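Participant: At position 96 of the sequence shown the residue is numbered 388 (my numbering), and the sequence of numbers has no breaks.
Glycine is no exception: its CB is placed at the ideal position from the N, C-alpha and C atoms.
Keep in mind the model is a prediction, meaning the values are calculated, not measured.
The structure that follows is given in the form of structure tokens.
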Amino acid sequence: MIIKKAILHILDFNSDVCVFSQKELDIADYGTGEFIEKHLTKIVEDSAKKEGEFLEYSVFRQSLERYASGGIDFTEFSTAAGTLLYDQISQSDEPESMDFLVCQFTDENDEYIGLLLLPNKTAYTHQVESGDEGVANKIIRYFTLLPNTSQKISCYAIVSMKDYKVSLCDKKREINGEAIQVLPDKVLQCTFQPSARETVQMIKKITSEVADEYGANSAIAVSRAKNCIIENSEQSVPFTPSDLCEEVFYDNEVMKKTFKQKAMEVDIPAKISVENPKVVKSIRSHKIKTDTGIEIKIPTDYLENSKYVEFINNPDGTISIQLKNIGKIVNR
Numbered sequence: 293m294i295i296k297k298a299i300l301h302i303l304d305f306n307s308d309v310c311v312f313s314q315k316e317l318d319i320a321d322y323g324t325g326e327f328i329e330k331h332l333t334k335i336v337e338d339s340a341k342k343e344g345e346f347l348e349y350s351v352f353r354q355s356l357e358r359y360a361s362g363g364i365d366f367t368e369f370s371t372a373a374g375t376l377l378y379d380q381i382s383q384s385d386e387p388e389s390m391d392f393l394v395c396q397f398t399d400e401n402d403e404y405i406g407l408l409l410l411p412n413k414t415a416y417t418h419q420v421e422s423g424d425e426g427v428a429n430k431i432i433r434y435f436t437l438l439p440n441t442s443q444k445i446s447c448y449a450i451v452s453m454k455d456y457k458v459s460l461c462d463k464k465r466e467i468n469g470e471a472i473q474v475l476p477d478k479v480l481q482c483t484f485q486p487s488a489r490e491t492v493q494m495i496k497k498i499t500s501e502v503a504d505e506y507g508a509n510s511a512i513a514v515s516r517a518k519n520c521i522i523e524n525s526e527q528s529v530p531f532t533p534s535d536l537c538e539e540v541f542y543d544n545e546v547m548k549k550t551f552k553q554k555a556m557e558v559d560i561p562a563k564i565s566v567e568n569p570k571v572v573k574s575i576r577s578h579k580i581k582t583d584t585g586i587e588i589k590i591p592t593d594y595l596e597n598s599k600y601v602e603f604i605n606n607p608d609g610t611i612s613i614q615l616k617n618i619g620k621i622v623n624r
């Protein structure tokens, strides 16, 4: 990752002051460069970010295109974006003071624009005062601390300058009595789909519900869904909810139909692409928790392999889980 440009604007709603910088940050300064790069790295790897596209009337995209073509410079572009953000946040029922970081960077040879909303934090520090009676150390409140590099930024947007695709994460704010997400709804004016993490959670939930509804083994059904996601992610191949239910409920048309209906109800994307390494890693294992308090963590691709795991339906209606071919047990 290479940071090319960055600028910081101050949106202080406590004192009703908006300060737009007329000069870019010195990214050659070690502390500044490190701060920006570490936050951008976390954002790029964030499994909670959503993918979206600009609407035709997006004012932000028009401004970005002018910047990309040389019509305006970076400072003008960032100020225009900051003005859009300030105008919206100022209408919030509880405006949140923040610093607005705009940056341009390359990652894997692609160019991006980053918009980072850095909420101001209150913390405590010491202050040394000298007087006639000597030195006095005091504790004071400090109101404008930026998020530490170890902290996760919850509101941001990354825009590709190659195809203008948007990746974003935001929270809802009350503006004029309406709960909206300011970045996609007002500033960027773009659509967005559920994040990879949200999509996987919805798939797991629906798969389990359908299996339980028709008396199938929900653990095996969910493991099939996970394996389908993993296989397609390894090949970088998008798939549809129909593709998924064909894999999971291949022998039951009624369950397929029910799954498709539920997928439409919760707005699972028509084309699913789960490529975030953290999300894929999280579904490579499957945790089973029984009503007796026992928890078992099993590799997802083992659940349908009777060589290692077998589910036994007992005559009394209970279920037994048999683990096979164990050569060694390690206590932890």
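1) Would you list, in sequence order, the uninterrupted beta strand (DSSP E) runs of no fewer than 3 residues that lie entirely inside the segment 338-423?
2) With the cut-off set at 8 Å, would you say Phe312 and Gly374 are in Cβ contact?
3) Taking Cβ to Cβ, would you say Leu480 is nearer than 8 Å to Val514?
4) What are the partner residues of Val427, as DSSP defines its beta bridges?
5) Check the C-beta distance from Leu376 over to Phe392 and give it rounded, since I have them as a contact under 8 Å.
6) In or out: Ala562 buried (at least 16 other Cβ within 10 Å) or exposed?
7) Where Glu470 and Ala372 are concerned, what is the direct C-alpha to C-alpha distance, given to the nearest angstrom?
8) Thinking C-alpha only, which one of Asn623, Pro607, Lys573 is nearest Pro591?
9) Do Ile299 and Ser370 count as a contact pair if the criterion is CB distance below 8 Å?
10) Tell me the rounded alpha-carbon separation between Lys496 and Val351.
11) Kindly give me the distance between the Cβ atoms of Ile588 and Ile580, rounded to whole angstroms, as I take these residues to be in contact under 8 Å.
12) Using beta-carbon positions only, say whether Gly532 and Gly344 come within less than 8 Å of one another.
13) Quick check on this structure: which residue in Arg489, Asp608, Glu421, Tyr594 has the alpha carbon closest to the alpha carbon of Leu615?
14) Can you check DSSP and say which residues form a bridge with Leu332?
15) Beta strand (DSSP E) containing Ala449: first to last residue?
16) Using 8 Å as the threshold, is the segment 527-541 in touch with the segment 555-569, meaning 3 or more CB pairs across them?
17) The beta strand (DSSP E) with Ser612 in it runs from where to where?
18) Considering only residues of the same chain and omitting the five flanking positions on each side of Lys463, which have a CB-CB separation below 8 Å?
19) Buried or exposed for Asn412, going by 16 or more other Cβ atoms inside 10 Å?
20) Count the other CB atoms within 10 Å of the CB of Pro569; is the residue buried (16 or more) or exposed (fewer)?
21) So Gln473 is in the alpha helix (DSSP H); what residue range does that whole segment cover?
22) Take Ile431 and list the residues in its own chain whose beta-carbon comes closer than 8 Å to its own, dropping the five residues that flank it on each side.
23) Determine the direct distance from the alpha carbon of Gly323 to that of Asn429, and round the result to whole angstroms.
24) Considering only residues of the same chain and omitting the five flanking positions on each side of Val566, which have a CB-CB separation below 8 Å?
25) What is the DSSP secondary structure of Lys518, counted as helix, strand or coil?
Facilitator: Let me lay it out:
1) 342-345, 390-399, 402-411, 413-423
2) yes
3) For Leu480 and Val514, no; Cβs fall outside 8 Å.
4) Ser422
5) Contact flag wrong, Cβ pair sits at about 10 Å.
6) By the 10 Å Cβ count, Ala562 comes out exposed.
7) 24 Å
8) Lys573
9) yes
10) 38 Å
11) 5 Å
12) Here residue 532 is Thr; the residue named in the question, Gly, does not match the sequence. Result no, Cβ atoms of Thr532 and Gly344 do not sit closer than 8 Å.
13) Tyr594
14) DSSP, once it has assigned bridges, lists no residue as partnering Leu332.
15) 448-452
16) yes
17) 611-615
18) Ser446, Cys447, Gln473
19) buried
20) Only exposed fits Pro569, as fewer than 16 other CB atoms lie within 10 angstroms of its CB.
21) Looking at the DSSP string, Gln473 is not in any alpha helix (DSSP H); the run it does join, the beta strand (DSSP E), is 470-473.
22) Tyr416, Thr417, His418, Gln419
23) Using only the alpha carbons, I get a separation of about 28 Å.
24) Excluding residues within five positions, the ones whose Cβ falls inside 8 Å are Ala488, Thr491, Val492, Ile521, Asn524, Ser525, Val572.
25) In this structure, Lys518 counts as helix in the three-state DSSP scheme.
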